[in-house]
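Structure first, commentary second.
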Amino acid sequence: MTQRVVQTISRAWSRMGELSRLRTPSQRSEYIVEGFADDRVIVLVASKRHVLLRSAFEAALNYLHQHSHGIESPCLIKSNNDPTLSGPLCRASRVTLSGAYGPRNINYVLPILQALGVVDIRTSTPNAVWLVTPLAANDLSFSNPVRRVGKGLLTARQFDFAQYLSGLWTGAAGSFSHRYKVSRHHSWKDWRARHGASDWWCQSLSQANQHYCWPEKAAPHDFASIAAELRKSLENNDEAVALIACKAIFAWGGVARKADDASLQWVESQAAAKTLCRSIRRAVKLLDRACADPLDDFNGKTLLMNSAMTKIYAAAAPDSLIIYDGRVGAALGLLARTWLLANAERSVPADLAFRWGPNTKTANQKDETRNPSQDLFIFTNIYTTSSDIPARNREWAELVRMSSRLLWTTGKVLDAQSYTVTLSMLERSLFMLGYDVR
35 MTQRVVQTIS
45 RAWSRMGELS
55 RLRTPSQRSE
65 YIVEGFADDR
75 VIVLVASKRH
85 VLLRSAFEAA
95 LNYLHQHSHG
105 IESPCLIKSN
115 NDPTLSGPLC
125 RASRVTLSGA
135 YGPRNINYVL
145 PILQALGVVD
155 IRTSTPNAVW
165 LVTPLAANDL
175 SFSNPVRRVG
185 KGLLTARQFD
195 FAQYLSGLWT
205 GAAGSFSHRY
215 KVSRHHSWKD
225 WRARHGASDW
235 WCQSLSQANQ
245 HYCWPEKAAP
255 HDFASIAAEL
265 RKSLENNDEA
275 VALIACKAIF
285 AWGGVARKAD
295 DASLQWVESQ
305 AAAKTLCRSI
315 RRAVKLLDRA
325 CADPLDDFNG
335 KTLLMNSAMT
345 KIYAAAAPDS
355 LIIYDGRVGA
365 ALGLLARTWL
375 LANAERSVPA
385 DLAFRWGPNT
395 KTANQKDETR
405 NPSQDLFIFT
415 NIYTTSSDIP
425 ARNREWAELV
435 RMSSRLLWTT
445 GKVLDAQSYT
455 VTLSMLERSL
465 FMLGYDVR
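Going by our numbering, the sequence shown opens with residue 35, and the numbers climb by one from there.
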C-alpha cells in the first residue's frame with residue numbers, strides 16, 4: 035500500500051457525507067450511502083445494510099495505481115460472488131485482515147470512488163474502471179473533482195483550461211494578443227494581399243479564426259467538399275471513392291506527397307484489402323470524446339496516426355475531432371504555459387502535456403519557431419516522444435482524443451454564452467497561433 039493511495043482515500047473520505055443514491059457498475063441495482071465512520075461506510079441495498087471497510091477502498095485504489103489503469107488502460111471489473119471466478123480487482127478489495135476473502139464488495143466500492151472523482155466506470159459490458167488522474171499528479175485534490183461534460187471526461191484542470199480558452203475566444207480587453215512575422219510561403223499570399231502586412235496578429239482566438247490563412251480551392255475541390263465526399267464514401271462503404279478523397283485531403287494539406295510516404299502507402303494498402311472504410315470508421319469511433327477504450331489499435335499497422343492521418347479522421351468526423359498537427363500542438367502548449375504561469379504552477383502537468391511539431395527549416399529560417407517550452411515549462415516534440423512506432427502512434431491518438439474533448443468543452447462553454455463556435459473554428463485559430471509561438 036503506497037502512501038499516495040492512503041492520502042488519496044483520506045482526502046476523499048471527508049466528502050463521503052455528500053453521497054446519497056448510487057448505482058452499481060452495470061446500472062442494474064441502486065443502493066444508498068447511509069453513513070460512514072473513520073474505518074467504514076454503511077450502504078443500504080434493498081433494505082439490507084452492508085459494511086464496506088476503508089481497507090477495501092484502499093485496496094481497490096492501490097490495485098489500479100500499481101497496475102497503471104488510467105483512462106487508456108481500463109481495468110475489467112469481473113465481479114463475482116465466487117473469488118475463484120472473479121477478477122483480480124474484485125479479489126483485491128475483499129481480502130480480510132486474516133488473508134481470507136470476504137464478501138464481494140467491489141460493486142459498491144467503485145461507484146463511491148467514482149462519485150468522489152477518483153475513478154470512472156464503463157457501464158457497458160464488459161464493465162471496466164480506470165483512474166481519472168494518475169496518483170502521482172501534482173494537484174491531487176478532491177475538493178475540485180473531475181467534471182463531466184456530456185459523456186466525456188476532463189480533469190478539473192482541463193475543464194478550467196477549457197473555460198480559459200473560451201475567455202480568449204471572446205477577447206476580453208487585454209486578455210490576449212499574438213503577433214509574428216510571416217514568411218514568403220505561398221500560404222501567406224492571401225494574407226499579404228488582404229492586409230499588406232508582413233506580420234500576422236490577433237487579439238482573440240475568434241480573431242485568429244477570422245485571420246485563418248491556407249490555400250483553398252473553390253468547391254468541389256475545397257476541404258469541406260472533399261470531407262463530405264469522404265463521409266459519403268464511408269457510409270456507402272465505397273473503397274475507391276474513399277481512397278480518392280484521402281489522397282485529395284493529403285494534397286490539400288500538403289502532406290504525404292511522396293510515393294513511399296507511410297500515410298499514402300497505408301491508405302492504398304487498406305483500399306486494396308477492402309478495409310479502408312472500415313478502418314477509418316474504427317479510428318473515428320476510438321477517437322471519439324465519449325470513448326474510453328484503449329488506443330492500442332493505433333500501432334502504425336492496424337491504424338495509423340500522424341500529421342497526415344489526423345486530417346483524414348477529422349474530415350470523417352468534423353463535429354467530434356480536430357486536426358492535431360504540430361502547429362495546433364504548439365499553440366495549445368503556448369496557451370497552457372500562459373495559463374499555468376498565471377496560476378503559479380511550476381511545471382507542465384501530465385493532463386496538459388501537449389506536444390508540438392517542428393517547423394520546416396530553410397536557408398532563411400533556421401530557428402525553431404514552434405517549441406512552446408520556456409524555463410521549467412517543458413513540452414515534448416511529438417516526433418521524438420518515443421522511438422517505438424506503435425507507442426508514437428498511440429500517444430498521438432491520445433492527444434487527438436484529449437484535445438478534441440477539451441475543445442468540444444470550450445465550444446459548449448461558449449454555446450452557453452450564446453456564441454456559435456465549432457470545433458473547426460477553434461482548431462483553425464490554434465493552427466494560426468501555432469505557426470510561431472516564440
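We treat Cβ as the ideally placed atom computed from N, Cα and C, and that holds for glycine.
Computed from a predicted model, the values in this text were never measured in an experiment.
- Query: Which whole-angstrom value is the C-beta distance of V447 and S200, which I expect to be below 8 Å?
  - Reply: Rounded, the Cβ-Cβ distance is 4 Å, consistent with contact.
Measure the C-alpha to C-alpha separation of A93 and P108 and round it to an integer number of angstroms.
Per the coordinates, the alpha-carbon of A93 lies some 17 Å from the alpha-carbon of P108.
Beta-carbon contacts of V143 that lie in its chain and below 7 Å, excluding the five residues immediately before and after | Cβ neighbours of V143 beyond the five flanking positions: L86, A90, F91, A94, S127.
- For the ligand FMN, any of its heavy atoms closer than 7 Å to the Cβ of L457? The ligand FMN is not among the ligands present in this structure, which contains no ligands whatsoever.
Would you decide whether I423 is buried or exposed? Buried here means 16 or more other CB atoms lie within 10 Å of its CB.
The Cβ neighbour count for I423, taken over all protein chains shown within 10 Å, is under 16; the residue is labelled exposed.
Exercise. Flag this pair as yes or no: are the beta carbons of I154 and L110 separated by less than 8 Å?
Key: The sequence shown places Asp at residue 154, not Ile. Going by C-beta atoms, D154 is not nearer than 8 Å to L110.
Identify, in the order they occur along the chain, each residue of the same chain with its Cβ nearer than 7 Å to the Cβ of I412, setting aside the five sequence neighbours on each side. Within its own chain, the residues whose Cβ lies closer than 7 Å to the Cβ of I412, once the five positions on either side in sequence are excluded, are V382, listed in chain order.
Check your understanding: Quick one, which of E106, D72, D73, S240 has its alpha-carbon nearest D331's?
Key -> Cα-wise, what sits closest to D331 is E106.
Do three or more CB pairs link the segment 457 to 471 to the segment 356 to 368 at distances below 8 Å? Yes, since at least three Cβ pairs between the segment 457 to 471 and the segment 356 to 368 fall closer than 8 Å, the two stretches touch.
- Indicate the three-state DSSP secondary structure (helix, strand or coil) for E68 in the structure shown. Of the three classes helix, strand and coil, the one that applies to E68 here is strand, per DSSP.
Taking its Cβ as the centre, do 16 or more other Cβ atoms sit within 10 Å of R55, making it buried, or is it exposed?
So R55 counts as exposed.
### Message
Less than 8 Å between the beta carbons of S267 and A279, yes or no?
### Response
In this structure, S267 places its C-beta atom within 8 Å of the C-beta atom of A279.
**Prompt:** On the three-pair Cβ rule with 8 Å, is the segment 332 to 349 touching the segment 439 to 453?
**Reply:** The answer is no - the segment 439 to 453 does not touch the segment 332 to 349, with fewer than three Cβ pairs under 8 Å.
Ordered along the chain, which non-local residues of its own chain (more than five positions away) have a Cβ less than 6 Å from that of A431?
Within the same chain, A431 has close Cβ partners L329, F332, M339.
State the DSSP-derived secondary structure class of K82, mapped to helix, strand or coil.
Three-state DSSP puts K82 in a strand.
How many Å lie between N405 and A324 at the Cα? Cα to Cα, N405 sits roughly 30 Å from A324.
Applying the 10 Å Cβ sphere with the 16-neighbour rule, what's the burial state of L410? Answer is exposed; the Cβ neighbour count stays below 16.
Checklist entry - Can you name, in chain order, every residue of its own chain whose Cβ lies under 6 Å from the Cβ of A261, other than the five neighbours on each side? => result The beta carbon of A261 sits closer than 6 Å to those of A349, all from its chain and outside the five residues before and after it, given in chain order.
How is the beta strand (DSSP E) around A162 delimited, first residue to last? Boundaries of the beta strand (DSSP E) harbouring A162: 162 to 165, taken from the DSSP string.
Classification of G51 by the beta-carbon crowding that lies within 10 angstroms, buried from 16 upward
The residue is exposed, with fewer than 16 neighbouring Cβ atoms inside 10 Å.
Exercise. Smallest Cα separation from T396: which of I146, S113, P145, R218?
Worked result: Of the listed residues, the one whose Cα sits closest to T396 is R218.
Whose C-alpha, out of I66, H99, P59, Q61, is nearest the C-alpha of V40? Considering only alpha carbons, the answer is H99.
Q: State buried or exposed for T42, treating a residue as buried only when at least 16 other CB atoms are found within 10 Å of its CB.
A: T42 should be labelled buried.
How long is the line joining the alpha carbons of R291 and Y246, rounded to whole angstroms? Their Cα atoms are separated by approximately 23 Å.
request  = Mark K345 as exposed unless 16 or more other C-beta atoms lie within 10 angstroms of its C-beta, in which case mark it buried.
outcome  = Flag for K345 reads buried.
Could you round the C-beta distance between L277 and P352 to whole angstroms and report it? I think they count as a contact, below 8 Å.
-> So it is not a contact: roughly 20 Å between Cβ atoms.
- prompt: Are there 16 or more other CB atoms within 10 angstroms of the CB of P145, so buried, or fewer, so exposed?
  reply: Buried, since its Cβ has 16 or more Cβ neighbours within 10 Å.
Original post:
With C-beta atoms as the reference, is R462 less than 8 Å away from N243?
Top reply: Between R462 and N243, the C-beta gap is smaller than 8 Å, which places the two residues in contact.
| task | Please list, in chain order, all residues of the same chain as W157 whose beta carbon is under 8 Å from its beta carbon, the five residues on each side excluded. | result | This sequence places Thr at residue 157; Trp is not what is there. Here the set comprises P59, S60, Q61.
Identify whether W235 lies in helix, strand or coil by the three-state DSSP scheme.
Judged by DSSP in its simplified three-state form, W235 adopts strand.
Quiz item: How big is the Cα-Cα spacing for R312 and A387?
Solution: Per the coordinates, the alpha-carbon of R312 lies some 31 Å from the alpha-carbon of A387.
Open item on the list: Contact defined as beta carbons within less than 8 Å: I believe K308 pairs with E273. What is the distance between those atoms, to the nearest angstrom?
Closed with: Indeed they touch by this definition, with Cβ atoms about 6 Å apart.
(request) Report the partner residues of I76 according to the DSSP bridge assignment. (result) DSSP, once it has assigned bridges, lists G69, V85 as partnering I76.
| task | Rounded to whole angstroms, what's the CA-CA distance from D233 to R213? Just pull it up for me. | result | Taking the straight line joining both Cα atoms gives about 7 Å.
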